[in-house]
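Positions 1 to 201 (UniProt numbering) are the ones given, in order, by the sequence shown.
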Amino acid sequence: MALLKRSSVSRPWMLGLSLGLLVSFMITATIPALADRAVPEGYRLQAGDIVAVSVWQEPGLEQLVLVRPDGGISFPLAGDLNASGLTIEELTEALKKRLKKYISDPVVTVTLQEIPGNRIYVMGRVNKPGDFPLVTRDVTVIQALAMAGGLTPFADEKHIKVLRTENGGQRSIPFNYKDIRRGKALEQNIMLEAGDVIVVP
């Protein structure tokens, strides 16, 4: 079925399209949608991210696309292209350039749906333990603890650990929050990487 013009798209039709995309996605993957979570401007895609790509008035060119471990994506007519390290805007332009070979002045829309591979985890004696999207590359331990609502009154400030997977193994990085509060050993406040787990005893 050909896509309708923007001016003639009714709300029921749009609702049906949205539900159809949601159902098809749930069948092929169990990762929840990004929903209304704010993503800062300039966020750069990484392996594991999922984007929704659509081309206006082009049937069949609406897909949820996974950024593969090698950083590439595949899209009809555009073929394979690298997406890792690109912003949403840069990926949109790259797709437009590829599609211009087949479509005159393509109107391409790319939206970030999920960032499952770019998360950090905070567990233990914090007020809001859980996983948090690593939407920028400059999140420190202190900032992550703030995202988790801060420490509870009975948290052991001196023996916090950052668990990081490296070379197939796990490394434990000590973090003394009490020293940080006193302005000492500030080098402990490291930048976090995707997959890091902060444990507050």
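Just so it is clear, CB atoms sit at the ideal spot from N, CA and C, and this is done for glycine as well.
Given the structure is predicted, the values throughout are model-derived calculations rather than measurements.
Restricting to Cα atoms, I'd like to know which of the options is closest to residue i.
i, options, result
"V107", "S84, V197, E89", "E89"
"L192", "G130, Q46, D138, E114", "D138"
"I112", "L64, I173, K97", "A small fix is needed here, since residue 112 is Leu in this sequence, not Ile. Comparing Cα-Cα distances from L112 to each of L64, I173, K97, the minimum goes to L64."
"M123", "L86, L95, T109, G150", "G150"
"G72", "P153, R98, A47", "A47"
"Y43", "Q143, A144, K158, L91", "L91"
"residue 236", "L145, A194, I115, V67", "One cannot answer for residue 236 here, as it falls past the ends of the chain, which runs 1 to 201."
"T87", "E58, T109, A78", "T109"
"L145", "Y102, S104, D196", "D196"
"D49", "G169, T140, L134, R181", "L134"
"I115", "K184, A52, L163", "A52"
"V55", "M147, A83, L81, E93", "E93"
"K184", "I198, Q170, K158, V67", "K158"
"R171", "D179, Y177, V162", "V162"
"I180", "G169, T152, T140", "T140"
"I120", "S84, G169, M147, L61", "M147"
"K100", "V67, G79, L45, A155", "G79"
According to DSSP, is residue i part of a helix, a strand, or is it coil?
i, result
"V139", "coil"
"K100", "coil"
"L91", "helix"
"I115", "coil"
"L49", "The sequence given here places Asp at residue 49; Leu does not occur at that position. Coil at D49, not helix or strand."
"residue 242", "Residue 242 lies beyond the residue range present for the chain, which begins at 1 and ends at 201; the question has no answer from this structure."
"R68", "coil"
"G42", "coil"
"D105", "coil"
"L81", "strand"
Label residue i either buried or exposed according to how many other C-beta atoms from any shown protein chain fall within 10 Å of its C-beta, with 16 as the threshold for buried.
i, result
"L186", "exposed"
"P69", "exposed"
"P59", "exposed"
"F75", "buried"
"F175", "buried"
"F132", "buried"
"N167", "exposed"
"Y102", "exposed"
"N127", "exposed"
"P201", "exposed"
Subject >> Sequence ranges, beta strand (DSSP E) only - wholly within the UniProt domain "SLBB" (119-200), length at least 3 >> reply: Runs of the beta strand (DSSP E) spanning 3 or more residues and lying entirely within the UniProt domain "SLBB" (119-200) occur at 119-124, 130-133, 160-166, 169-175, 197-200, in chain order.
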